[in-house]
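>
There are 2 protein chains.
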Amino acid sequence: MAAAPVWSVDPRTGKQREQVAVEATAREVDEAVRAVHAVRAALADRAVRSAFLRSAAEGLDAARDGLVETADAESALGPVRLTGELARTSYQLRAFADIVDEGAFLDVIIDHPDDTATPPVPDLRRYKVPLGVVAVYSASNFPFAFSVAGGDTASALAAGCPVVVKAHPDHPALSEQVARVLRRAAAGHGIPEGVVGLVHGFEAGVELIRHPLVAAAGFTGSVRGGRALFDAAAARPVPIPFHGELGSLNPVLVTEAAAAERAEEIGGGLAGSMTLGTGQFCVKPGLVLVPSGAGGDRLVKSLADAVAGTRAGVLLDHRMRDDFIAGVARRAGLEGVQAPVVPGADGAHTVGAGFLTVAASRLVGQGAHDLLLEECFGPVTVVVRYADEAEAKAVLSRLPGNLTATVHLSAEEAAGKGRGAEILAELTPLAGRVLVNGWPTGVAVAPAQHHGGPYPATTSTSTSVGGSAIERWLRPVVYQNAPQALLPRELRDDNPLGLPRRFDGVLER
Amino acid sequence: MAAAPVWSVDPRTGKQREQVAVEATAREVDEAVRAVHAVRAALADRAVRSAFLRSAAEGLDAARDGLVETADAESALGPVRLTGELARTSYQLRAFADIVDEGAFLDVIIDHPDDTATPPVPDLRRYKVPLGVVAVYSASNFPFAFSVAGGDTASALAAGCPVVVKAHPDHPALSEQVARVLRRAAAGHGIPEGVVGLVHGFEAGVELIRHPLVAAAGFTGSVRGGRALFDAAAARPVPIPFHGELGSLNPVLVTEAAAAERAEEIGGGLAGSMTLGTGQFCVKPGLVLVPSGAGGDRLVKSLADAVAGTRAGVLLDHRMRDDFIAGVARRAGLEGVQAPVVPGADGAHTVGAGFLTVAASRLVGQGAHDLLLEECFGPVTVVVRYADEAEAKAVLSRLPGNLTATVHLSAEEAAGKGRGAEILAELTPLAGRVLVNGWPTGVAVAPAQHHGGPYPATTSTSTSVGGSAIERWLRPVVYQNAPQALLPRELRDDNPLGLPRRFDGVLER
Numbered sequence: 125m126a127a128a129p130v131w132s133v134d135p136r137t138g139k140q141r142e143q144v145a146v147e148a149t150a151r152e153v154d155e156a157v158r159a160v161h162a163v164r165a166a167l168a169d170r171a172v173r174s175a176f177l178r179s180a181a182e183g184l185d186a187a188r189d190g191l192v193e194t195a196d197a198e199s200a201l202g203p204v205r206l207t208g209e210l211a212r213t214s215y216q217l218r219a220f221a222d223i224v225d226e227g228a229f230l231d232v233i234i235d236h237p238d239d240t241a242t243p244p245v246p247d248l249r250r251y252k253v254p255l256g257v258v259a260v261y262s263a264s265n266f267p268f269a270f271s272v273a274g275g276d277t278a279s280a281l282a283a284g285c286p287v288v289v290k291a292h293p294d295h296p297a298l299s300e301q302v303a304r305v306l307r308r309a310a311a312g313h314g315i316p317e318g319v320v321g322l323v324h325g326f327e328a329g330v331e332l333i334r335h336p337l338v339a340a341a342g343f344t345g346s347v348r349g350g351r352a353l354f355d356a357a358a359a360r361p362v363p364i365p366f367h368g369e370l371g372s373l374n375p376v377l378v379t380e381a382a383a384a385e386r387a388e389e390i391g392g393g394l395a396g397s398m399t400l401g402t403g404q405f406c407v408k409p410g411l412v413l414v415p416s417g418a419g420g421d422r423l424v425k426s427l428a429d430a431v432a433g434t435r436a437g438v439l440l441d442h443r444m445r446d447d448f449i450a451g452v453a454r455r456a457g458l459e460g461v462q463a464p465v466v467p468g469a470d471g472a473h474t475v476g477a478g479f480l481t482v483a484a485s486r487l488v489g490q491g492a493h494d495l496l497l498e499e500c501f502g503p504v505t506v507v508v509r510y511a512d513e514a515e516a517k518a519v520l521s522r523l524p525g526n527l528t529a530t531v532h533l534s535a536e537e538a539a540g541k542g543r544g545a546e547i548l549a550e551l552t553p554l555a556g557r558v559l560v561n562g563w564p565t566g567v568a569v570a571p572a573q574h575h576g577g578p579y580p581a582t583t584s585t586s587t588s589v590g591g592s593a594i595e596r597w598l599r600p601v602v603y604q605n606a607p608q609a610l611l612p613r614e615l616r617d618d619n620p621l622g623l624p625r626r627f628d629g630v631l632e633r
Numbered sequence: 125m126a127a128a129p130v131w132s133v134d135p136r137t138g139k140q141r142e143q144v145a146v147e148a149t150a151r152e153v154d155e156a157v158r159a160v161h162a163v164r165a166a167l168a169d170r171a172v173r174s175a176f177l178r179s180a181a182e183g184l185d186a187a188r189d190g191l192v193e194t195a196d197a198e199s200a201l202g203p204v205r206l207t208g209e210l211a212r213t214s215y216q217l218r219a220f221a222d223i224v225d226e227g228a229f230l231d232v233i234i235d236h237p238d239d240t241a242t243p244p245v246p247d248l249r250r251y252k253v254p255l256g257v258v259a260v261y262s263a264s265n266f267p268f269a270f271s272v273a274g275g276d277t278a279s280a281l282a283a284g285c286p287v288v289v290k291a292h293p294d295h296p297a298l299s300e301q302v303a304r305v306l307r308r309a310a311a312g313h314g315i316p317e318g319v320v321g322l323v324h325g326f327e328a329g330v331e332l333i334r335h336p337l338v339a340a341a342g343f344t345g346s347v348r349g350g351r352a353l354f355d356a357a358a359a360r361p362v363p364i365p366f367h368g369e370l371g372s373l374n375p376v377l378v379t380e381a382a383a384a385e386r387a388e389e390i391g392g393g394l395a396g397s398m399t400l401g402t403g404q405f406c407v408k409p410g411l412v413l414v415p416s417g418a419g420g421d422r423l424v425k426s427l428a429d430a431v432a433g434t435r436a437g438v439l440l441d442h443r444m445r446d447d448f449i450a451g452v453a454r455r456a457g458l459e460g461v462q463a464p465v466v467p468g469a470d471g472a473h474t475v476g477a478g479f480l481t482v483a484a485s486r487l488v489g490q491g492a493h494d495l496l497l498e499e500c501f502g503p504v505t506v507v508v509r510y511a512d513e514a515e516a517k518a519v520l521s522r523l524p525g526n527l528t529a530t531v532h533l534s535a536e537e538a539a540g541k542g543r544g545a546e547i548l549a550e551l552t553p554l555a556g557r558v559l560v561n562g563w564p565t566g567v568a569v570a571p572a573q574h575h576g577g578p579y580p581a582t583t584s585t586s587t588s589v590g591g592s593a594i595e596r597w598l599r600p601v602v603y604q605n606a607p608q609a610l611l612p613r614e615l616r617d618d619n620p621l622g623l624p625r626r627f628d629g630v631l632e633r
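Protein chains in written order, with my numbering: chain A, 125 to 633; chain B, 125 to 633.
The structure is reproduced here in structure tokens:
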């Protein structure tokens, strides 16, 4: 059987641009994993790792024009957005380089012997070591930031883990280009180019998660694909951690006071957030609780005006376009659901943004309307009109896990008068990020960031954005009564590397 | 159908002592989970939680004589060991109380807005919140330290999670007694007694892991039982973290120089470690690489002398006794395996300790001898005689994951002359705790402790002993642009609770 070709496709026309590669066979996946595994020791030195990450960032910035051109040709996301995303991606690589240099992620804990403890404590010195080969599954909607050189790869390399990336079929040519940048950066620091592997093909992705030398995986994508890989990771003879970001509704609650105070501002802001990137963000607000009554009506009117004024857009690929059109139609066909601005097909390759409305009473009990509680990828959101606080709470209690949950409060509520703090506490169980008076689109790269949430938002309690993303690729190990002469330098009493640590119970920085 | 009775059994005679309870039905498990879930808010306050944990420790100490008597009657572990284990258990509860008070486990990270970042950073404040109801599966071999009030329960309560414990059938009466102590301690601080649930029965354990309100689980037990529950946890509509400690060989490598230098000391030490608690420790040294030649011969002779002098012991239950006798017989029947001291049945209810020897050449390739690479619970170890370093490395490379890996070095090697550091690096991938010139039995409760390791030692990268065990029951959440007035006190700029934190990138302690 001939190897299946991998084509780069232009979503603006549906036409093939060029053949980029062939799908990897099981044997080729095995070779790719063995190749990165064989060179993993080249990442052992932290100084080399951080220098590599900084060179990778420089390499991406230097290649910007060509990369953005390819990315736009394959994703139709537009050069402005893609230039920003590339800058974010190189910023992220540099942020992880800083994290590697600081060394707090090693979580060093040193306990000297204590005969008074029950039982007695010997000399114990713990830090974290890399897990091994990490499989990274690229996302369709972030060709840079959640793909070959994205957060999963950056955090894995920062942790000292070599990586095999499964390219997303929506941007295979860009994937090859970015992998070349990473490899060149590696070579510049004496790290074998083979430290970053790249494979194409659906079956290759399945082979990858099953490979005995793969120690962990990172994934950003759909609930269906992510769950299948999660299940495969759990079913292995030796199960491995699978950090997947699968799907999220990102509920927004607008209080009655907030709607009364600034209906137009909220309606306009919502339109901007839900149509950003043609609605193809994992943090798109997909369900918005708006009070019934005059304030809510004004909000919906503003939303309708703003959404009606947006231009049709191209989705990442034609399958997504078909899914979007069908998903909207199924939802719009439910009893009591209206579409003030009808989302769906608009031109041969484009779709128009829109939104649906429904009464909260339709969602407080199980039924056909539960479809509205599932993510619909693309430029659509569901506005749920609620009669009172109890009804809003009832709908929130029925939601699956989310990446984000947002509340819009009035100025008085934000100042501490009213139920603001209570609402924050109610939203906390629903998501990993809780926003006040903002929009969930836009995920900052920062130490405190948490991009994850209860299932199906993510399959673990960790994050794929922000400094603590590095924790996913490490495991602790403790040395008991090891002589100072034999210890890794990170664990010696005199702290030659100046690491932050917990020393005999005391936090040292 | 009548409810199945739960009997307390005396392993010294195999006779039933008393009926303690009945096995929980699916409905009763549901009620138990709902009951602890309903009162979870009572654990929200850290000061209340730490006071509760300290009272629980006091309660255990105060009830010591009665608890140890019951524990001994059900486990035959003897009052000395059990008194020590109880002291360890109350020490552990106090250690977690200190951890709760310190608050470092909340992992507070605060980032103020930064418009110069790419993309810009809003106000982000992250800490960790409890996951929800934790299911704890008690171990047979630690009626106190890994059971109702053991490390899983202590760390879960410390994290703010209510607990439903699945009692181990080997000590149901003790489980009820300990649960009463915990509940009384809770009540003393205004926490509803229902915060600690207890269920009996195999089927109840399966129901528990499937319950929608159970958010995570801790387990200590066999590979078979643990893997079945791990699989059930992963197969749920909403998968949950399953922190299981399943099985471990705990390899020991004795270098040629160490054997030459102190063969008798090592042989005697090994005898003590492998027979401790009648070999019923998860960290029992189960495979020992001893050099061929004169030093190794002396070591084996010392081991034989010491093991032959140990008294027959009672295992935790009669099924374990049957499994031990059958497991030893299967291993001893392999070609080339010898038993200088024959382990196995010795009296109607007791077993005798012993050990097997085999040439390393039998283990370097796959085959029937792979059985020797599986844990055999009870007082037996396998001594593998190796011809040279390459052969020892070849055997180590074939081992599944372990809780511990140990090396015995000569004084010169320990001082840094020779391969000591290299051997430490070679043992690190095998285990979560690496020991030099000691024995793995005895797991200190200390901040740096790590009791976990590559699968099947544990099903996650976390620990079930030591301060960081609390991390298993928490998930991060970040608040974006939340006004100070609405924030939890833990996240406010002025740090009213004096928490260690990362503040605008800087570690504050």
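Glycine residues also receive a C-beta, built at the ideal position from the N, C-alpha and C atoms.
Every value quoted in this text rests on a predicted model; they were computed, and no experiment measured them.
Go ahead and label G391/B buried or exposed: buried means 16 or more other beta carbons lie within 10 angstroms of its beta carbon, across all protein chains shown.
buried
> Quick one: using the 10 Å Cβ neighbour count with 16 as the cut-off for buried, is F266/B buried or exposed?
buried
> F573/B and V589/B: beta carbons closer than 7 Å?
The sequence shown places Gln at residue 573/B, not Phe. With contacts defined by Cβ atoms closer than 7 Å, Q573/B and V589/B form a contacting pair.
> Determine the chain B residues that contact Q573/A at a beta-carbon separation under 7 Å, and present them in chain order.
L248 and V602
> Quick one: which chain B residues come within Cβ less than 7 Å of I233/A?
P571 and A572
> What does N561/B touch in chain A if you count any residue whose Cβ is under 8 Å from its own?
N605
> Under the three-state reduction of DSSP, which class applies to T240/A: helix, strand or coil?
coil
> Can you list the residues of chain B that S372/A reaches, using a CB-CB cut of under 8 Å?
Neighbours of S372/A across chain B, judged by C-beta separation under 8 Å, do not exist; the nearest C-beta is about 14 Å away.
> In whole angstroms, what separates the C-alpha of V488/A from that of A549/A?
20 Å
> Between the Cα of A382/A and the Cα atoms of H532/A, V362/A, L201/A and S586/A, which residue gives the shortest distance?
H532/A
> Once DSSP output is grouped into helix, strand and coil, what is the label at Q301/A?
helix
> Between the beta-carbon of E499/B and the beta-carbon of L373/B, is there less than 7 Å?
yes
> With a threshold of 8 Å, are at least 3 pairs of Cβ atoms found where one atom belongs to the stretch 138 to 146 of chain B and the other to the stretch 285 to 304 of chain B?
yes
> Beta carbons nearer than 7 Å to chain A: which residues of the stretch 406 to 417 of chain B have them?
none
> Where does the unbroken beta strand (DSSP E) through Y510/B begin, and where does it stop?
V504 to Y510
> Taking Cβ-Cβ distances below 7 Å as the criterion, which residues of the stretch 605 to 633 of chain B are in contact with chain A?
N605, A606, P607, A609, L610, P624, R626, G629, L631 and R633
> Taking its Cβ as the centre, do 16 or more other Cβ atoms sit within 10 Å of V630/A, making it buried, or is it exposed?
exposed
> Output, in chain order, the set of chain A residues within a Cβ distance shorter than 8 Å of T585/B.
Chain-ordered, the chain A residues with CB closer than 8 Å to the CB of T585/B read L255, P365, L598, R599 and P600.
> Kindly list the residues whose CB is nearer than 6 Å to the CB of M398/A, restricted to its own chain and excluding five residues on each side of it in sequence; keep chain order.
K408, P409 and T505
> Residues of chain B with a CB under 8 Å from the CB of F354/A: which are they?
A358 and P363
> Check whether the stretch 126 to 142 of chain B touches the stretch 191 to 198 of chain B, counting contact only when three or more Cβ pairs, one atom from each stretch, lie closer than 8 Å.
yes
> Mind checking whether A555/A and T528/A have CB atoms under 7 Å apart?
yes
> Can you pull the chain A neighbours of G208/B, defined as C-beta to C-beta under 8 Å?
T242 and P243
> Would you call the stretch 279 to 297 of chain A and the stretch 239 to 251 of chain A touching, i.e. three or more CB-CB distances under 8 Å?
no
> Quick check on the burial criterion: 16 or more other C-beta atoms within 10 angstroms. Buried or exposed for F229/B?
buried
> Can you give me the C-alpha to C-alpha distance between G325/B and A269/A, rounded to a whole angstrom?
For G325/B and A269/A, the distance between alpha carbons rounds to 49 Å.
> Which residues in the same chain as G403/B place their Cβ atom closer than 6 Å to its Cβ, once the five residues preceding and following it in sequence are excluded?
G502 and P503
> Report yes or no: do three or more beta-carbon pairs, one from the stretch 355 to 363 of chain B and one from the stretch 512 to 524 of chain B, lie closer than 8 Å?
no
> Give the single residue among E385/A, A606/A, R151/A and G321/A whose Cα lies nearest to the Cα of A539/B.
A606/A
> Check each residue of the stretch 251 to 284 of chain B: if its Cβ is closer than 7 Å to any Cβ of chain A, include it; give the result in chain order.
V253
> Can the beta-carbon of A568/B be found less than 7 Å from the beta-carbon of P375/A?
no
> Please state if the CB of D235/A and the CB of A219/B are separated by a distance shorter than 7 Å.
no
> Kindly provide the ranges of any beta strand (DSSP E) runs that are 3 or more residues long and lie completely inside the stretch 533 to 566 of chain A, ordered along the chain.
555 to 560
> With the cut-off set at 7 Å, would you say V323/A and A150/A are in Cβ contact?
no
> Give me the chain A residues within the contact set of S592/B, using Cβ-Cβ distance strictly less than 9 Å, ordered along the chain.
D231, I233, R250 and P600
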